[in-house]
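Asker: Residue numbering for the sequence shown is -28 to -1, 1 to 570, as defined by mature numbering (1 follows the signal peptide of the UniProt record, and there is no 0).
Here a beta-carbon is modelled for each residue, glycine too, at the ideal position from N, C-alpha and C.
As the structure is a prediction and not an experimental result, all values here were calculated from the model.
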Amino acid sequence: MRTRARLVPVLALVTATGLLGAAAPAQAGQAPPGKQPVAAGWGGAVSSVDADATAAGLEVLRRGGNAVDAAVATAAALGVTEPYSAGIGGGGYFVHYDARTGRVETIDGRETASRTADAALFQENGTPIPFADAVTSGLSVGVPGTAATWEQALRRWGSRSLDEVLKPAERIADRGFTVDQTFRDQTAANQSRFQDFPASRALFLPGGQLPVVGTAFRNPELAATYRELGRRGTDALYRGPIGADVVRTLQHPPVDPASGRTARPGKVDAADLAAYRVRFQEPTHVSYRGLDVYGPAPSSSGGTTVGEALNVLAAGRAADLTDPAQYDHRYLEASRIAFADRNRWVGDPSAVQVPTRQLLDPAYAASRACLIDPAHALTSPLAPGDPYHPAPCATAGPAVAEPYEGQSTTHLTVADRWGNVVAYTLTIEQTGGSGITVPGRGFLLNNELTDFDFAPLTPGVPDPNLPGPGKRPRSSISPTVVLKDGKPYLALGSPGGATIITTVLQVLTGRVDRGLSLEQAIAAPRASQRNTAATQAEPAFLASPEAARLKELGHVFASVPEIGAATGVERLPDGRWLAAAEPVRRGGGAAGVVRPTG
Ligand code: GLU
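#1: Starting from the C-beta of residue 311, find all residues in its chain whose C-beta is less than 6 Å away, skip the five residues before and the five after it, and write them out in chain order.
#2: Can you tell me whether residue 554 is buried or exposed, with buried defined as 16 or more other CB within 10 angstroms of its CB?
#3: Going by C-alpha distance, which of 9, 236 and 307 is nearest residue 103?
#4: Would you decide whether residue 121 is buried or exposed? Buried here means 16 or more other CB atoms lie within 10 Å of its CB.
#5: Fully enclosed by the stretch 111 to 142, which alpha helix (DSSP H) runs are 4 residues long or longer?
#6: Contact between the stretch 429 to 436 and the stretch 290 to 307 is defined here as three or more beta-carbon pairs at a separation below 8 Å; is this criterion met?
#7: Closer than 7 Å: is that where the CB of residue 449 sits relative to any heavy atom of the ligand GLU?
#8: Starting from residue 11, trace the alpha helix (DSSP H) both ways and give me its first and last residue.
#9: If you drop the 5 nearest sequence neighbours on each side, which residues of the same chain put their C-beta closer than 7 Å to that of residue 427?
#10: Closer than 8 Å by C-beta to residue 87: which residues in its own chain qualify, once you throw out the five before and the five after it? Chain order, please.
#11: In terms of DSSP beta bridges, what is residue 486 paired with?
#12: Helix or strand or just coil, what does DSSP make of residue 471?
#13: Helix, strand or coil for residue 435? Go by DSSP, reduced to three states.
#14: Helix, strand or coil: which one does DSSP assign to residue 247?
#15: At 3 residues or longer, what runs of the beta strand (DSSP E) sit wholly inside the stretch 511 to 540?
#16: With hydrogens ignored, establish whether the beta-carbon of residue 425 is closer than 7 Å to any heavy atom of the ligand GLU.
#17: What is the DSSP secondary structure of residue 90, counted as helix, strand or coil?
#18: For residue 79, which of helix, strand or coil comes out of DSSP?
#19: Give a single yes or no on whether residue 420 has its beta carbon closer than 7 Å to a heavy atom of the ligand GLU.
#20: Could you have a look at residue 301 and say whether DSSP puts it in helix, strand or coil?
#21: Using a threshold of 7 Å, is the CB atom of residue 531 nearer than that to any non-hydrogen atom of the ligand GLU?
#22: Would residue 544 be called buried (16 or more neighbouring beta carbons within 10 Å of its own) or exposed?
#23: Under the DSSP definition of a beta bridge, which residues are partnered with residue 345?
#24: From residue 40 to residue 453, what distance separates their C-alpha atoms?
Here it is, written out as C-alpha cells:
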C-alpha cells in the first residue's frame, strides 16, 4: 500500500469524485484523494488500503450502485494503484451478504493449475525445484480468476455493467496516480526481476529508474485492457486476444536475453483459460456467541481455520476470562490447533476429500480444546486431530510442517444503503506476483501456484495441497461477514499470506470479546501463531505486559515488523455504517462513507 503524508477530512474523500472526473488532469505531484482510517455515516461505506480505490467505490455508491458494483470498482482501481498485490492477472475470494434474501454467498475466484498439471508440477527428476526459481516463472502462473469473479459477481448481484464500474479505474490508469514511498519501495524490492523482463521494466521502471515519489504513474495499456474487458466482456480474456497474450507470455516468459535470467515456462494454455469457471459455493459458517460468522470455504483454508479457532475459543469459554494474558493464551492455542488441522486436511475439494463440515463441528473443536492447558503453552508442531473420528485430546498422525506462503494481497470491504455487504480479498500471490507483465496489456501475472506444496510436507502423510490437474492451490484468504440476528454486523479481512487467518481472528475477537471498537481492534498489536515453534508478534505486542506473562507460560516469540493490513465495516446500532482501515500499517488505509456524520 502506498503511503501518503497528507491527511484531509472525510469530506474531501467523499467529494473525491471530482479528482476522478473530467476536470481532474493528473499532473505530476497532484495531491491524491485524502485518506482516513475511520469514517462513519449514511449511504454506504468503502474501506480499502488505498485512497484512490476507496474513492472509486464511493463514486459508484453515490451514483446509485450497490455494494457489489462498488466492490468491483474498488478492486479494479486497486489493480491500477496496487498492481503488485492485485489485478486481473490474479485471483481471489468474494463474500456477499444479500439484504434482500438474507443469504451469504461466496465466489471462489482462485487461480487454477493447467489440466495437464500433476503432483510433480514443481519437481525435476523427483526433486522439488528451488522455490526462488518457481517464484519468477511462467510455471507458477495459474489461470487468472479475477476478471471472471468481477463479471459473475455483477451478473448475479450487481446493478451496473462491467463496462460502467471499470470507468473510475480506467481514469486513474489513464491520468495517473501519485507515487508514494511505499509504491517506490515495493518497486525497488522487485527491481532486479522487473528489469529482466522488458515489459515489466518499461512499465514499472520508467526510463530504467524507480518511480519518483510525488510524480504521476500512468498505465494507459491497463486502461485499454479494462476498456476491452468492459466492451467485450471477459471472453476477451478467457477466449480472446487478451488471453492469447497471457498464454504466450507464460509459455514463453519474455525475458531479456541479455539479462542472463532463465524463467521456466508455464503449462497453462488457451483451453485452460476457456475452461476456467469461478465457483459459487456455500460459505463456511460457525455460530460464535450468538453471532453468525461466514467465510470462504475450501479451496481457501480461511473459513475453516477461522471457524475452527472460534469454536475452540468457545469450547473453553475464553470470552468469560477476565485476565487478558489468559485470553491471549487461548487465542494463540486455538490458532495453533486450527493450523495443525488446516495443514493436514485442507485443499481443493474438487481434487481431495476435505472435511469442511467436520472441521467446523463444535464437538470436534471441543475434542481439540481439551489439549489446552491454562498453565502451559502447547508445543509446535502440534499433530492434527481426526475430524472424521473426534476423540478428546486425540491426535492423528504426525505433525505437518507449516508451508511457506507469500505476504502480499489486498482486502476491501463495502456496504451499501440497502444493507448489502461485500468482503473481498484479491491477490497475485507475492508482492509483484511472478514479476512478468503481459506485454502491451499493463498487468502482472500471478505466481499463485507456488501456494501448492511442491512435495508432501511430511513423508508418508497425505498432503491435500499438492498440485493436480485444474486444481486450485490452498489459500489463506479470509474475507469474513458476521451477522447478528440475521442482519449484517461486521465484515472484515486482511492481506498477509497465512497471517490473514490470525489477523481476521484477532480483529474479530478484539471486537466481539475484548470490548474494542472496530478501529481499535484493527489497530491493536498483533501476534500470529500458526503451529510453529515461535509465535510471530509485532514489537508493540512484545512490549505488552501480556507478552511477559505468555512467556512465563512457555510461549516463544519472534519479532516481525508488522502483520496484516485489515479493513472492515460495521453497522452501528443507529443504522449508520462505520468504515475502518489500518491507521499505520503499510502506510495506513482509506475508509470512507457516502454521507459522513463526523
Ligand atoms: N497467496 C496467498 C493466499 O492465497 C495470499 C498472499 C498474501 O496474502 O500475501 O493465501
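Answerer: Reading from the atomic positions:
#1: Translated into positions along the sequence shown, residue 311 becomes position 339. Cβ within range, chain order: 502 and 503.
#2: Stepping through the sequence shown from its first residue, residue 554 is reached at position 582. Burial state of residue 554 is buried, judged by a 10 Å Cβ sphere holding 16 or more other Cβ atoms.
#3: Taking the sequence shown and counting its residues from 1, one reaches residue 103 at position 131. Nearest neighbour of residue 103 by Cα position, chosen from 9, 236 and 307, turns out to be 236.
#4: Reading the sequence shown from its first residue, position 149 is the one you call residue 121. Around the CB of residue 121, 16 or more other CB atoms lie within 10 Å, so the residue is classed as buried.
#5: Runs of the alpha helix (DSSP H) lying entirely within the stretch 111 to 142, each at least 4 residues long, are 118 to 129 and 134 to 137 in chain order.
#6: No, because fewer than three Cβ pairs between the stretch 429 to 436 and the stretch 290 to 307 fall closer than 8 Å, the two stretches do not touch.
#7: In the sequence shown, the residue the question calls residue 449 occupies position 477. Indeed, a heavy atom of the ligand GLU lies less than 7 Å from the Cβ.
#8: Numbered from its first residue, the sequence shown carries residue 11 at position 39. Not the alpha helix (DSSP H): residue 11 falls in the beta strand (DSSP E), residues 10 to 20.
#9: Residue mapping note: residue 427 aligns to position 455 of the sequence shown, counting from 1. If we look at residue 427 and ignore the five residues flanking it on each side, its Cβ neighbours are 95 and 100.
#10: Counted from its first residue, the sequence shown places residue 87 at position 115. 243, 244, 247, 441 and 442.
#11: Within the sequence shown, numbered from 1, the residue matching residue 486 stands at position 514. Beta-bridge analysis with DSSP links residue 486 to no other residue.
#12: Within the sequence shown, residue 471 is the residue found at index 499, counting from 1. Residue 471 falls in the helix class under three-state DSSP.
#13: Numbered from 1 along the sequence shown, position 463 holds the residue referred to as residue 435. Residue state, collapsed to three classes: coil.
#14: Translated into the one-based positions of the sequence shown, residue 247 becomes position 275. Looking at residue 247 - three-state DSSP - the assignment turns out to be helix.
#15: The stretch 511 to 540 is shown to contain whole beta strand (DSSP E) runs of 3 or more residues at 529 to 531, in chain order.
#16: To locate residue 425, count along the sequence shown from 1; it is residue 453. Answer for residue 425: no, Cβ out of range of the ligand GLU.
#17: The sequence position of residue 90 within the sequence shown is 118, counting from 1. Here residue 90 sits in coil by DSSP.
#18: Position 107 of the sequence shown, counted from the start, is the residue given in the question as residue 79. Three-state DSSP puts residue 79 in a strand.
#19: Position 448 of the sequence shown, counted from the start, is the residue given in the question as residue 420. Yes, the ligand GLU has a heavy atom inside 7 Å of this Cβ.
#20: Translated into positions along the sequence shown, residue 301 becomes position 329. Helix.
#21: Taking the first residue of the sequence shown as position 1, residue 531 is located at position 559. Outside the cutoff, so no.
#22: Position 572 of the sequence shown, counting from 1, holds the residue named residue 544. By the 10 Å Cβ count, residue 544 comes out exposed.
#23: Residue numbering aside, residue 345 sits at position 373 when the sequence shown is read from its first letter. BP columns for residue 345 point to 348.
#24: Here residue 40 refers to the residue found at position 68 of the sequence shown. Here residue 453 refers to the residue found at position 481 of the sequence shown. Residue 40 and residue 453 have their C-alpha atoms spaced approximately 14 Å apart.
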